[in-house]
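Here is the structure we will look at.
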Amino acid sequence: MVKIIYADHSGTEREVDANVGESVMEAAVRNNIPGIDADCGGACACATCHVYVDPEFLPKTGEQEAMEQSMLDFADGVQENSRLSCQISVSAELEGMKVTTPESQH
Amino acid sequence: MSADQKIVIIGAGQAGGQAAASLRQAGFEGMITMVGDEPAPPYQRPPLSKAYLKGKLDRERLFLKPLQFYEDSNITLKTGVSAQKLDRAAKTVALSDGETLDYDTLIIATGSRPRALPLPGAESSNVFDLRTLSDIDVLKPNVQEGRRLLIVGAGYIGLEAAAAACELGLEVTVLEMADRVLARVTSPVMSEFYQKLHETHGVTIKTGAMLAELQTQDGAVTAGVLKSGDVIPCDLVLVGIGILPNEEIASEAGIACKNGILVDRDARTNDPSVYAIGDCAHRPLVHYGRDGRLESVHNAIEQGKIVAAHIMAAKRPVEDVPWFWSDQYDVKLQIAGLSQDYDEAVVRGEPTTNSFAVFYFRSGRLISVDAVNAPAEFLTAKRLIAANADISPELVVDQKKTMKDILAEAMAGQK
Ligand SMILES: Cc1cc2nc3c(=O)[nH]c(=O)nc-3n(C[C@H](O)[C@H](O)[C@H](O)COP(=O)(O)OP(=O)(O)OC[C@H]3O[C@@H](n4cnc5c(N)ncnc54)[C@H](O)[C@@H]3O)c2cc1C
Ligand code: FES
Numbered sequence: 020m021v022k023i024i025y026a027d028h029s030g031t032e033r034e035v036d037a038n039v040g041e042s043v044m045e046a047a048v049r050n051n052i053p054g055i056d057a058d059c060g061g062a063c064a065c066a067t068c069h070v071y072v073d074p075e076f077l078p079k080t081g082e083q084e085a086m087e088q089s090m091l092d093f094a095d096g097v098q099e100n101s102r103l104s105c106q107i108s109v110s111a112e113l114e115g116m117k118v119t120t121p122e123s124q125h
Numbered sequence: 048m049s050a051d052q053k054i055v056i057i058g059a060g061q062a063g064g065q066a067a068a069s070l071r072q073a074g075f076e077g078m079i080t081m082v083g084d085e086p087a088p089p090y091q092r093p094p095l096s097k098a099y100l101k102g103k104l105d106r107e108r109l110f111l112k113p114l115q116f117y118e119d120s121n122i123t124l125k126t127g128v129s130a131q132k133l134d135r136a137a138k139t140v141a142l143s144d145g146e147t148l149d150y151d152t153l154i155i156a157t158g159s160r161p162r163a164l165p166l167p168g169a170e171s172s173n174v175f176d177l178r179t180l181s182d183i184d185v186l187k188p189n190v191q192e193g194r195r196l197l198i199v200g201a202g203y204i205g206l207e208a209a210a211a212a213c214e215l216g217l218e219v220t221v222l223e224m225a226d227r228v229l230a231r232v233t234s235p236v237m238s239e240f241y242q243k244l245h246e247t248h249g250v251t252i253k254t255g256a257m258l259a260e261l262q263t264q265d266g267a268v269t270a271g272v273l274k275s276g277d278v279i280p281c282d283l284v285l286v287g288i289g290i291l292p293n294e295e296i297a298s299e300a301g302i303a304c305k306n307g308i309l310v311d312r313d314a315r316t317n318d319p320s321v322y323a324i325g326d327c328a329h330r331p332l333v334h335y336g337r338d339g340r341l342e343s344v345h346n347a348i349e350q351g352k353i354v355a356a357h358i359m360a361a362k363r364p365v366e367d368v369p370w371f372w373s374d375q376y377d378v379k380l381q382i383a384g385l386s387q388d389y390d391e392a393v394v395r396g397e398p399t400t401n402s403f404a405v406f407y408f409r410s411g412r413l414i415s416v417d418a419v420n421a422p423a424e425f426l427t428a429k430r431l432i433a434a435n436a437d438i439s440p441e442l443v444v445d446q447k448k449t450m451k452d453i454l455a456e457a458m459a460g461q462k
């Protein structure tokens, strides 16, 4: 189990026990975290699982593939630390990572 | 909505599951009972013809929510039970387990079923459908390296299965009655691209191929015989020739249907206590000024949210431009909008590079884009279509301009 913290745009935090190997998106959906729609179920096709990653953890979340980069390019409110949460695989290294959901997923 | 209200949802799939979750999220406190005839809780179908078929995804990861969610959310989920008869006067639904449920509000989310192959032999033990988790679970042990697989129908699902099976080392032949693959859903440029893609990977594609007969031995199909006389020996057959909406429970109760259960923008049928959502619903397509039936995850989720909003007397969520995706080999297709009645198609990029997009216009308006490994084109198109932007074919094919430039230019013209 790896602890991941999901904060919404207003700052409310929810803590989740994520399984190694699942995605940060899946852990959120499993635990009913609001603000992550994940319409395509992790196919990197919808960009409705956008999160801001705690910059400290960003290097540990792995490389972004070209597909994810282009999808993010067109998401609303993109920042340096934006990621699609379905493309981040949970690993022990991510223990305690905080991700913040944007105000809207469009 | 008061807390003694009873909502019954028929069909525990993508749309029904979404409606139940959205109702609770919106604060509905009454009873929710969801009845599904499959053994599994609501799950995602897209991976069935992709990662799950390839054995790359565990079963539990298909589920929209873990079972615990329904318990925690006080949603009664009855799986393996079908709704058999709707009595609108009494506001009851009779179930296959003998129970009769009362409702104040009914949501029909029964999805669709595969069209059956109208040939003797189609019931054989090695002929499979591609719709449910159970279909794939019985199919999977038969998907083994070296076996000869015959796929009937070259739609997206059939082609995805062809790609997965090919990657697993099967010898795959795809039969298509029309003169090109994906004929019903896309343009000749796209058909040609996908045919080549599959052929490059070793799949045999036969277009204009009418299956006339299935040869069987000991209850199993051993070959498909074409009208032309060609015989294609095979070890198993997959049927992907389209789907039919599960509308009977509504039509038999006198609810208006026409290729799906007719609903308004709030997903309501002609009975104000009955809604219909997902694959089974025939809905207004607001971006196109017409009605239609959609078969997509986007549609199921959107209508699940719309129905919850309407029941809770909340504002209707903004309808998104219809969209869809398909994964075959390492090629991701994203489709924005509906291209069916286009009168002009232009290509941005070069299909031979495996990254390009086809833009479809009707009477000079952009109506749809097929984006192949081209997410920027896909996302831009969704916005342009939603805004009904004035954009020309000349502009979208101009590769000196990025999609961002094009978006900005088109949107500036809007004001
Ligand atoms: C193999 C496959 C791949 C796909 N890939 C994609 C894709 O990549 N992208 C995309 O956007 N879409 C895809 N789709 C389409 C998408 O999955 C469907 O549009 C979506 O599941 C529709 O949701 P639904 O809830 O309307 O229907 P379903 O998910 O089919 O759910 C309806 C449920 O109701 C049950 N039911 C029916 N009648 C009764 C009854 N009388 N009583 C009780 N239960 C009943 C059915 O058995 C079913 O479980 C795919 C579909 C398939 C089959
Ligand atoms: S869930 Fe759709 S892109 Fe992440």
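Sequences listed follow chains A and S, in order. One rule links them: number in the working numbering = place in the first sequence (from 1) + 19. One rule links them: number in the working numbering = place in the second sequence (from 1) + 47. C-beta atoms are modelled at their ideal positions from N, C-alpha and C, and glycine is treated no differently. It should be emphasised that the depicted structure is a prediction, and the values quoted were computed from it without experimental measurement.
Nearest neighbour of residue i, chosen from the options [CA to CA]
| i | options | result |
| --- | --- | --- |
| S/A347 | S/D51, S/S49, S/A62 | S/A62 |
| S/E246 | S/V272, S/A225, S/A270, S/E214 | S/E214 |
| S/K187 | S/K53, S/L114, S/K101, S/A270 | S/K101 |
| S/A361 | S/V228, S/Q91, S/S69 | S/S69 |
| S/T157 | S/I296, S/D318, S/I353, S/G145 | S/I296 |
| S/S482 | S/G351, S/K97, S/A404, S/A392 | In this structure chain S extends from 48 to 462, so residue 482 of chain S is not present and cannot be described. |
| A/V43 | S/R337, S/K429, S/R108, S/Y99 | S/R108 |
| S/N22 | S/S96, S/R71, S/K243, S/T449 | As displayed, chain S neither begins before 48 nor continues past 462, which places residue 22 of chain S out of reach and without an answer. |
| S/R135 | S/G145, S/D149, S/G127 | S/D149 |
| S/K132 | S/S143, S/L124, S/T123, S/K125 | S/S143 |
| S/G481 | S/E218, S/G336, S/E192, S/N293 | Nothing about residue 481 of chain S can be reported from this structure: the residues present for chain S run from 48 to 462 only. |
| S/A230 | S/V333, S/E218, S/T254 | S/T254 |
Extent of the continuous beta strand (DSSP E) to which residue i belongs
| i | result |
| --- | --- |
| S/G83 | 78–83 |
| S/A328 | 328–332 |
| S/L142 | 139–142 |
| S/F116 | Taken as a continuous stretch (DSSP letters only), S/F116 belongs to no beta strand (DSSP E), being part of the alpha helix (DSSP H) at 114–119. |
| A/M20 | Note, A/M20: premise wrong, no beta strand (DSSP E); not H, not E. |
| A/H69 | 69–72 |
| S/L166 | No beta strand (DSSP E) holds S/L166; DSSP gives it neither H nor E. |
| A/A37 | 32–37 |
| A/R102 | 101–103 |
| S/F406 | 402–409 |
| S/K132 | 130–134 |
| S/V55 | 53–57 |
| S/D149 | 147–149 |
Residues that DSSP places opposite residue i in a beta bridge
| i | result |
| --- | --- |
| S/S96 | DSSP output for S/S96 lists no bridge partner at all. |
| S/P319 | DSSP output for S/P319 lists no bridge partner at all. |
| S/G384 | S/S415 |
| A/Y25 | A/R33, A/V118 |
| S/Q375 | S/V378 |
| S/K125 | S/V82 |
| S/R160 | S/L291 |
| S/T532 | Limits of chain S in this structure are 48 at one end and 462 at the other, which puts residue 532 of chain S out of reach. |
| A/S108 | A/S42 |
| S/Y90 | S/F110 |
CB contact flag (residue i, residue j, <8 angstroms)
| i | j | result |
| --- | --- | --- |
| S/V140 | S/V55 | yes |
| S/E223 | S/A201 | yes |
| S/R344 | A/D56 | Note that residue 344 of chain S is Val in the sequence shown, not Arg. No; because the gap between Cβ atoms is not below 8 angstroms, this pair is not in contact. |
| S/V444 | S/R412 | no |
| A/P74 | A/N50 | no |
| S/V368 | S/I432 | yes |
| S/P93 | A/A111 | no |
| A/V21 | A/E114 | yes |
| S/C281 | S/R195 | yes |
| S/I382 | S/W370 | yes |
| S/A211 | S/S96 | yes |
| S/L41 | S/D417 | The requested residue 41 of chain S does not occur in the structure, where chain S is confined to residues 48 to 462. |
| S/Q242 | S/V228 | yes |
| S/V221 | S/V250 | yes |
| S/L426 | A/A66 | yes |
N-terminal and C-terminal residue of the alpha helix (DSSP H) that residue i is part of
| i | result |
| --- | --- |
| A/Q88 | 85–92 |
| S/E397 | Careful: S/E397 lies outside any alpha helix (DSSP H), inside the beta strand (DSSP E) at 391–397. |
| S/M458 | 450–461 |
| S/R71 | 61–72 |
| A/A47 | 43–49 |
Check: residue i C-beta below 7 angstroms from any heavy atom of ligand 3
| i | result |
| --- | --- |
| A/A66 | Inclusion of ligand 3 in the displayed structure is not the case, the ligand content consisting of ligand 1 and ligand 2 alone. |
Segments of 4+ residues assigned as alpha helix (DSSP H) that fall wholly inside the segment 168–242 of chain S | Runs of the alpha helix (DSSP H) inside the segment 168–242 of chain S: 180–186, 203–214.
For the segment 420–448 of chain S, which segments carrying the alpha helix (DSSP H) assignment without a break, of at least 4 residues, lie completely within its bounds, in sequence order?
-> 422–433, 440–444
Write down every uninterrupted run of the alpha helix (DSSP H) in the segment 234–320 of chain S whose length is 4 residues or greater and which is fully enclosed by it, in chain order.
-> 235–247, 295–298
Can you list the alpha helix (DSSP H) stretches of 4 or more residues lying completely in the segment 337–363 of chain S, in chain order?
-> The qualifying runs are 344–358.
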